[in-house]
Amino acid sequence: ALAATRRGAQQVSLADFTVAVERIVAGLEKKNRLLNPHEREVVAFHEMGHALVALALPGSDPVHKVSIIPRGIGALGYTIQRPTEDRFLMTREELERKIMVLLGGRASEKLVFGHLSTGAADDLAKATDIARDMVTRYGMDEGLGYVAYEQQPPRFLDLPGMAAPAGSPVSPQTQQHIDNAVRGIVMGAFEGATRILAQHRGVLDRAAHELLAKETLDEAALAALTAGVRPAG
Numbered sequence: 173a174l175a176a177t178r179r180g181a182q183q184v185s186l187a188d189f190t191v192a193v194e195r196i197v198a199g200l201e202k203k204n205r206l207l208n209p210h211e212r213e214v215v216a217f218h219e220m221g222h223a224l225v226a227l228a229l230p231g232s233d234p235v236h237k238v239s240i241i242p243r244g245i246g247a248l249g250y251t252i253q254r255p256t257e258d259r260f261l262m263t264r265e266e267l268e269r270k271i272m273v274l275l276g277g278r279a280s281e282k283l284v285f286g287h288l289s290t291g292a293a294d295d296l297a298k299a300t301d302i303a304r305d306m307v308t309r310y311g312m313d314e315g316l317g318y319v320a321y322e323q324q325p326p327r328f329l330d331l332p333g334m335a336a337p338a339g340s341p342v343s344p345q346t347q348q349h350i351d352n353a354v355r356g357i358v359m360g361a362f363e364g365a366t367r368i369l370a371q372h373r374g375v376l377d378r379a380a381h382e383l384l385a386k387e388t389l390d391e392a393a394l395a396a397l398t399a400g401v402r403p404a405g
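One point on numbering: in my numbering, the residue at position 149 of the sequence shown is 321, and numbering is uninterrupted.
What follows is the structure in structure tokens.
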């Protein structure tokens, strides 16, 4: 309703609902946050990395929009996926694919520019949290067996990826196994995302440069640019 009022409309349209959802998901646009040309290019390839990995993986939520317009407190760009249905259960494979999408931006930066930036910090924290939950909460590591290793609930000032194990609930050897398992999941997902992007490098380059020119690509524009990128199975 506020979006409709701002543009002087008498009725609320679907576009107004979309604007409202994007504000909730990604925050307010910060067009006054100016990036230098190289940073804009890095952000464009980062966001298209997320989008292409999502498009290439079976079962991923459809990519609704990709943008390099800064939003919120620290986001320099964003990729929005829109679920097609409510989900309450996820398999190990689905969680691994979710981590791959999260790391698609980081993988794209490494593939294209040969180095990593601080822009993937939030993605990495979320990916690590999911991987740690897989190992310590969901019993998804074969080496540890079907056992849950509880962690302290996050405190008010805790950051994503920083939750610490509860006071010595496991032996040092088991903790080492947990750390290795989490690292293996995250690194495996990063390598998988890198393979996808390397396979579709031409599409990645074209789509990222189009994103640089347009700043925002909707679902239809993405479909046209990435027509050859489809799930392998």
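For every residue, glycine included, the Cβ atom is placed at its ideal position computed from N, Cα and C.
Given the structure is predicted, the values throughout are model-derived calculations rather than measurements.
Integer-rounded CB distance, given that residue j should sit under 8 Å from residue i
{"i": "Val358", "j": "Thr263", "result": "At roughly 18 Å, the Cβ-Cβ gap does not stay under 8 Å, so Val358 and Thr263 are not in contact."}
{"i": "Arg278", "j": "Asp295", "result": "6 Å"}
{"i": "Gly291", "j": "Leu224", "result": "Their Cβ separation, rounded to whole angstroms, is 17 Å, which puts Gly291 and Leu224 out of contact at 8 Å."}
Contacting residues, own chain, Cβ-Cβ under 8 Å from residue i (five flanking each side not counted)
{"i": "Gly400", "result": "His372 and Val375"}
{"i": "Gly311", "result": "Gly317, Tyr318, Val319 and Ala320"}
Contacts around residue i, its chain only, beta-carbon distance under 7 Å, and the 5 residues preceding and following it disregarded
{"i": "Ser280", "result": "Phe217, His218, Met220, Gly221, Leu369 and Leu376"}
{"i": "Val284", "result": "Phe217"}
{"i": "Glu266", "result": "Gly231"}
For residue i, the residue or residues it bridges with in DSSP
{"i": "Val235", "result": "Gln253"}
{"i": "Asp390", "result": "Lys237"}
{"i": "Ala395", "result": "According to DSSP, which records beta bridges pairwise, Ala395 is partnered with nothing at all."}
{"i": "Arg373", "result": "Looking at the DSSP assignment, Arg373 forms no beta bridge with any residue, so it has no partner."}
Local Cβ density within 10 Å of residue i, reported as buried at 16 or more and exposed below that
{"i": "Arg304", "result": "buried"}
{"i": "Val319", "result": "exposed"}
{"i": "Phe362", "result": "buried"}
{"i": "Pro209", "result": "exposed"}
{"i": "Arg402", "result": "exposed"}
{"i": "Ala385", "result": "exposed"}
{"i": "Gly286", "result": "exposed"}
Cut-off 6 Å between Cβ atoms - residues of its own chain near residue i, not counting five sequence neighbours on either side
{"i": "Lys237", "result": "Ile252 and Asp390"}
{"i": "Thr388", "result": "Ser239"}
{"i": "Ala380", "result": "Ala216, Phe217 and Met220"}
If you scan the segment 258–292 from start to end, which runs of the alpha helix (DSSP H) of 4 or more residues do you find wholly inside it? 264–274 and 276–285
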